[in-house]
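Novice: Have a look at this one.
Residue numbers (the UniProt record's numbering): 1 to 396.
Right, here's the structure in full:
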């Protein structure tokens, strides 16, 4: 009898335990809400933010009925459920990149991009493909705030392709030559090009600039060539053509570059570094620019940052190798950089250039199944204040 009662008690306890488990399972669990999706337009380029919620994209419409590729990236922390362009489902790759043609029906073609995540949250972007003749840019024109506000522009452009001890590269000479041509012809830069430069040649050219430039000048330093990252001492290097693979005697450390640029009196200095481990030059990133700024507010803002000292870096990647080719005759990074500058017709801030370059390179790198994310940020320990480098076209 005692044993029977013990079994009954045990069964009651088991029943109670199972009921408790069922109650817990049937009770709705709190769900963690994640941020909704976001859409980034890569091509066509967006000019000047938005007007009444409508983004104006500049594109040349050759003739009605011609397709125009729309390239972009969608970010969705909760997972993407659907992406639609003009009510048509568009696939994305593993990194959220997408590309789809849109037929241009005359001078103005509306385009709507909608992203919906697995939570039901959505993001949308609406813009128009508009021919150059029909676009009035909402930003400040180069003529309205041209010199003397911006000063004189100089560029030292280094393209190291043929090395004595390292493997030769494919595109640095073409990249350097085209960069010099665009900067000189479209933006009025005084350019100096060094091809296959030794350590002495690079340091001598920088020393010449230190003696020559004043606070009314702007300097762009472009480097395409080998780079190296020393993990032991956490330091990056540019490799001149006379640098050895097993000795850093002829290498140029990013710290030395920073020191030299800090000593140059130029108000604005931008380093464009297309090399492996180029991210060693940068520090914390800049805050993103606000969109939708009125023409008057934008012009006032441009004049304000033109007066502030800046030392910034546009690096082709972080602390990892980058693609030497992939952009036709240019590296993927150089092609994006050159294409944006060649097509730009308004005052372009370095930060906005960096965002556009990063998006285009990310798309190309994704297609090549590699990780390459360009960075735009202030230079470490170089005296950066609150300014930014400004590209001011002299031709429209």
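Cβ coordinates follow ideal geometry from the N, Cα and C atoms, glycine included.
Predicted model only: the values in this text are computed from it and were never measured.
So, is residue 178 buried or exposed, given that buried needs 16 or more other C-beta atoms within 10 angstroms?
Specialist: buried
Novice: Once the 5 residues before and after residue 151 are set aside, which same chain residues still bring their CB inside 7 angstroms of it?
Specialist: 216, 217, 218, 267
Novice: Buried or exposed, going by whether 16 or more other CB atoms sit within 10 Å of the CB of residue 249?
Specialist: exposed
Novice: Go to residue 311, then tell me how far its beta strand (DSSP E) extends in each direction, as first and last residue.
Specialist: Here the beta strand (DSSP E) through residue 311 covers 310–315.
Novice: Go through the stretch 147–226 residue by residue and report every complete run of the alpha helix (DSSP H) that reaches 4 residues or more, in order.
Specialist: 172–187, 199–212
Novice: Relative to the alpha-carbon of residue 332, which residue among 374, 308, 34, 309 has its alpha-carbon at the smallest distance?
Specialist: 374
Novice: Under 8 angstroms between the Cβ atoms of residue 110 and residue 92?
Specialist: Not a contact, by the Cβ cut-off of 8 angstroms.
Novice: Where DSSP assigns a beta bridge to residue 67, which residues make up the other side?
Specialist: 103
Novice: When you compare only the Cα positions, how much space is there between residue 303 and residue 99?
Specialist: 37 angstroms
Novice: For the stretch 152–169 and the stretch 241–257, state whether three or more C-beta atom pairs, one from each stretch, are separated by less than 8 angstroms.
Specialist: yes
Novice: Which of the three DSSP states, helix, strand or coil, is assigned to residue 234?
Specialist: coil
Novice: Under a Cβ-count criterion, where at least 16 other Cβ atoms within 10 Å of its own Cβ denotes burial, should residue 270 be classed as buried or exposed?
Specialist: buried
Novice: Residue 275 and residue 354 look like a contact to me (Cβ under 8 angstroms); what is the Cβ gap, rounded to whole Å?
Specialist: The pair is not a contact, with the Cβ atoms about 16 angstroms apart (cut-off 8 angstroms).
Novice: How long is the line joining the alpha carbons of residue 379 and residue 314, rounded to whole angstroms?
Specialist: When rounded, the distance between both Cα atoms is 9 angstroms.
Novice: Give the secondary structure of residue 251 by DSSP, where H, G and I count as helix, E and B as strand, and everything else as coil.
Specialist: coil
Novice: Is the Cβ-Cβ distance between residue 121 and residue 172 less than 8 angstroms?
Specialist: Between residue 121 and residue 172, the CB-CB gap reaches or exceeds 8 angstroms.
Novice: Do you know whose CA, among 166, 176, 76, lies nearest residue 191's CA?
Specialist: 176
Novice: How would you write the range of the beta strand (DSSP E) that residue 342 sits in, first residue to last?
Specialist: That residue, residue 342, is in no beta strand (DSSP E); its alpha helix (DSSP H) goes 332–343.
Novice: Return the chain-ordered list of same chain residues with a C-beta closer than 6 angstroms to the C-beta of residue 118, the five sequence neighbours on each side being excluded.
Specialist: Correct list, in chain order: 78, 79, 81.
Novice: What are the boundary residues of the beta strand (DSSP E) that residue 113 is part of?
Specialist: 108–117
Novice: Along the beta strand (DSSP E) that carries residue 81, what are the first and last residues, could you check?
Specialist: 80–85
Novice: On a Cα-Cα basis, can you pick out the residue from 221, 258, 84 that is closest to residue 96?
Specialist: 84
Novice: Alpha carbon to alpha carbon, how far is residue 188 from residue 336?
Specialist: 20 angstroms
Novice: Give the DSSP-derived three-state secondary structure of residue 380 in the structure shown.
Specialist: coil
Novice: Assign residue 44 to one of two classes, buried (16 or more other C-beta atoms within 10 Å of its C-beta) or exposed (fewer than that).
Specialist: buried
Novice: Rounding to the nearest angstrom, what Cα-Cα distance links residue 235 and residue 359 in this structure?
Specialist: 27 angstroms
Novice: Starting from residue 271, trace the beta strand (DSSP E) in both directions and tell me its first and last residue.
Specialist: 268–274
Novice: Return the CA-CA distance between residue 128 and residue 108, expressed in angstroms with no decimal places.
Specialist: 6 angstroms
Novice: Return the chain-ordered list of same chain residues with a C-beta closer than 6 angstroms to the C-beta of residue 253, the five sequence neighbours on each side being excluded.
Specialist: 235, 237
Novice: Which residues share a DSSP beta bridge with residue 98?
Specialist: 72
Novice: Suppose you measure from the CA of residue 103 to the CA of residue 196; what does that come to, to the nearest Å?
Specialist: Computed Cα separation, rounded: 45 angstroms.
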